[in-house]
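**Q**
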Amino acid sequence: MIEIFWTKNKDVHRKTEILLERKSGKSFEIKRTKNGKPYIEGNPLFFSISHSQGRALIAICDKPVGVDLEPNDKGGRLKKHEHVLNRFTEREKIWIGDGLAFFFLNWVCKEAYIKMKGGTLAHDLKRLEYADYKLYADGREADCGYAARTDLRVGTYAVCAEGYSDDELSYCPIKLFRLRKGEKL
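Residues in the sequence shown are numbered from 20 upward in steps of one, following our numbering.
So this is what it looks like as structure tokens:
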């Protein structure tokens, strides 16, 4: 089971708690790993949150999951991201060319993978490569399913989940978060 929700960034952590309570049917305690990744102790649900420029995505799954979001950068230039591009491989730079769309697909896929694994950008970014719509970790194809795309409502996003195929994640719809009767932020 994997579900992805989009919402305004306001109260995103409370909205995540509400979604987790709906799925688990009980209250829980959210803890954090030493790297800061939130998790639920004693509950078989995994989740990931990404928020940027007033929008947020929440992924809830029965297996480790990571999600990342970057807003659509209308009229932006790749040049302003050169400090990050310097960390990319030659193959990635060729694939990205001078297009922001491929740059953001690359970035969100890597960050979603790092979140799924509970790692950090500082440690894990250099281990990853995303080019030609394929994600590699330590030189091998990534050990997870992943999907990256652009959605006009949300922006460019990626989801990575252990135990899922790329196709399963590619066809996972994004749902709008809505409060149900009796739920409060």
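Beta carbons are placed, not taken as given, at the ideal position from N, Cα and C, and that holds for glycine.
In this text the structure is predicted, and so the values were computed from the model without any measurement.
#1: Which residues in the same chain as Ser69 place their Cβ atom closer than 6 angstroms to its Cβ, once the five residues preceding and following it in sequence are excluded?
#2: Tell me which residue opens and which closes the alpha helix (DSSP H) that Cys205 is part of.
#3: Quick one: using the 10 Å Cβ neighbour count with 16 as the cut-off for buried, is Ala141 buried or exposed?
#4: Less than 8 angstroms between CB atoms is the rule here; does Leu76 satisfy it with respect to chain D?
#5: Can you tell me the Cβ-Cβ gap for Tyr9 and Asp143, rounded? I've got them flagged as a contact below 8 angstroms.
#6: Below 8 angstroms, how does it come out for the stretch 100-116 and the stretch 149-168: are there three or more Cβ pairs, yes or no?
#7: Let's see if you can read the secondary structure: which residues bound the alpha helix (DSSP H) around Thr35?
**A** Quick answer:
#1: Leu76, Val86, Asp87, Leu88
#2: The chain is shown only over 20 to 204; residue 205 falls outside these bounds and no answer can be derived.
#3: By the neighbour-count rule (16 or more Cβ atoms within 10 Å), Ala141 is not buried but exposed.
#4: Among the protein chains of the structure shown there is no chain D, as only one such chain exists.
#5: Residue 9 lies beyond the range of the chain shown here (20 to 204); nothing can be said about it.
#6: yes
#7: Its alpha helix (DSSP H) spans residues 31-43.
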